[in-house]
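Comments concern the structure below.
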Amino acid sequence: MFIEEHLITLFKRNCQHTLTYWSVFFSFGLCIAFLGPTILDLKCQTNSTLQEITWVFFSQQFCLLVGSSIGGAFKKTLFSALAALLLSSLVISLVFAIIPLCYNVLLLAVAMAVSGLAMGIIDTIANIQLVALYQKDSAIFLQALHFFIGFGALVSPLIADPFLSEHCPGINSTEDDAGLIHHFRHSLAAGFRSPVPLNYSEHSAPITEQSSVSYAFWIMALINLPVPIAVFVLMYREKLIPFCPNGSPRLLDKDELAMETQMPETAEAPEQDAGGHGDLFSCCMNTNLRELPASFFGVHILGGIVLFMTDGIVGAYAGFAYTYAVSAPMSLHHKTAGYLPCIFWAAITGGRLMSIPLAYRLKPLYLLIISLAGVIITVLLLLILYTSSIFLFVGTCLLGLFLSSIFPCMLAYTEDILDYQGCATTVLVTCAGMGEMVLQVLVGSIMQTAGSYSFLLCGMVTGCIGFALFFGLVLCHRYHRNYLRGTSKKTAMAEEPAPEPPPVPALVSAPAPVRAPAPSPVPVPAPESDPVPAPVPTSSPVPEKAEDL
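Residue numbers (the numbering used here): 249 to 797.
This is the structure:
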């Protein structure tokens, strides 16, 4: 078969859990890319400048990073993990419902920050729970999980587009203002969450009519509502609702029964603790850190820095591809350049879909080597052919394909190195979010001072640094593996009892040969004879001498 039987059995066994986590990540993808295209309408709604409204998005990105750092604290029990997912998904729906009512930029910033915190918690918990469910077989399911992020980010601009306004209601915008707004709308359409503040201080006029974008936010809130409902149904099925009566236990089908009898270790895996996973602060405060080798920390640090670089490339390219395309020497038309972010996210979505069968056939290490090398080669070709508009679209598609599978493959690879006993998921998710936030601001600042060509140059440098650090991670993996082998041998020798010394033979003369005992004689009864009569005494005396006779 195309997929091994035990993977199908695992999926059937954890089907509702897996589908719930996938749906939560689809909602996560919708939230990432939905807010960007509405920046003009939100600017008009809050009567603020572009500089103020862009820092509102930065507040969401920063709180997403905080949520990713503390999200692991809710993984201790299944109830706490599912309850955190339920509340976070409900908070996202509520935030989308109240965004049209935020007429002050400070209130909007608070709403965005709350949604970012909920998204960060979802990001960490869903990854940790899926790794805990499948462990050694988690690579293929992580690829599918992150496919739903790209799918949500691809669909959300299509939902928002019919409700967007071309100009602020009641404002007489100049041509430059409209062009600048048009640039921000397209550059943010692919999840650009922390744009660089621009030197733009002109306030918009008061709002004279209600923008139709409010309906888009309310529709988004309704679309997201099935997600908390699905989490609630999962909690009810697992009998984790305190006020609901417990139903009868579910009978196992034949596949699950075979799984129970043939693979007891796998069956118990969802009930076990996730091997030390927790929030970032509890990982750092672990009392057992002093006993761990340096390779343990090296795996966490190097894996996190690699994702810092690669996810930073994702965020920077999604945010500034439009700016690069409309600037010299490319100088594309605004409408043509606006397709670049959509093509980029479509490539990421398709790449993650294609990575699902590839993760089944290839090890995460090989997929990471191919992906990182492909990123460097693609950016190098974009640098060489910097005047070709056709290759800009082709390179954007290739870059999205190569970047798509790096995060899930790195997550599966590092967890496999640490035997699911470290804090790799929490560290990697945190570093990835930090890379998106920091590199977007850094690349935008460099582009403003050095020109548009520095955009691809920054991507090339970042990709090379990530590739070099990845080889350091591979070397650290080999050292950690050798350390574990040496430790296991020492433990086995310590637990094995010492063999007893052989007994020393005593110096004794050779024993005499044992003879068989002689048979004992059989007693023979004496023959019967007549009794001898006793002599009859006579009265005459016995003569003493012959002469007397």
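Using N, Cα and C, we set each Cβ at its ideal position, and we do this for glycine too.
query, result
"Local conformation of F491 per DSSP, three classes", "coil"
"Unbroken alpha helix (DSSP H) run spanning M578, endpoints", "Unbroken run through M578: none, as it is neither H nor E."
"When L393, L342 and G720 are compared against L267, the one with the closest alpha-carbon", "L393"
"F276 vs M367 beta-carbon contact at 8 Å", "yes"
"Separation of L588 from H451, as counted between CA atoms", "Low per-residue confidence applies at H451: pLDDT is 42, beneath 50, and the placement is therefore not dependable enough to give any value."
"V353 and S296 closer than 8 Å at C-beta", "yes"
"A566 beta carbon less than 8 Å from that of F592", "yes"
"Among Q293, K487, A478 and I256, nearest to W270 - alpha-carbon criterion", "A478"
"Classification of Q308 by the beta-carbon crowding that lies within 10 angstroms, buried from 16 upward", "buried"
"Candidates L620, D664 and L580, of which the one nearest H548 by Cα", "D664"
"E253 burial status per 10 Å Cβ neighbour count (16 or more: buried)", "exposed"
"Sufficient close CB pairs (3 or more, under 8 Å) joining the segment 340-352 to the segment 714-726", "no"
"Alpha-carbon spacing of F799 relative to A569, whole angstroms", "The structure shown does not extend to residue 799, since the chain is modelled only from 249 to 797, so the question has no answer here."
"C-alpha distance - R729 paired with T372, whole-angstrom precision", "27 Å"
"From L647, P490, A329 and F396, residue whose alpha carbon lies closest to that of L629", "L647"
"Cβ neighbour criterion (16 or more within 10 Å) applied to D559", "buried"
"Best match in F399, M468, M658 and A329 for proximity to L676 [C-alpha to C-alpha]", "M658"
"C-alpha distance - G622 paired with S363, whole-angstrom precision", "34 Å"
"C679 versus T626: straight-line alpha-carbon distance, rounded", "24 Å"
"Buried/exposed call for R600, threshold 16 Cβ in 10 Å", "buried"
"Under 8 Å between C-beta atoms of Q822 and S603", "Any question about residue 822 goes unanswered here, given that the chain covers just 249 to 797."
"Own chain partners of L616 with C-beta closer than 6 Å, once the 5 adjacent residues on each side are dropped", "C657"
"I667 in three-state terms, based on DSSP", "What sits at residue 667 in the sequence shown is Asp, not Ile. Correct three-state label for D667: coil."
"Length of the line joining the Cα atoms of V691 and S702", "8 Å"
"Where T297 falls: helix, strand or coil (DSSP)", "coil"
"Cβ pair M695, T584 closer than 8 Å", "no"
"Proximity below 8 Å, CB of C724 to CB of S579", "no"
"Nearest candidate by alpha-carbon position, reference L290, set C350, H582 and D385", "C350"
"Cα-Cα separation, E684 to C706", "14 Å"
"G598 beta carbon less than 8 Å from that of L649", "yes"
"As assigned by DSSP and simplified to three states, the class of C350", "coil"
"Reduced DSSP secondary structure (H/G/I, E/B, other) of K324", "coil"
"Simplified DSSP state of L805, which is helix, strand or coil", "In the structure as shown, the chain starts at 249 and stops at 797, and residue 805 therefore has no counterpart that could be examined."
"DSSP state of R261 mapped onto helix, strand, coil", "helix"
"Straight-line Cα distance separating A332 from F322", "7 Å"
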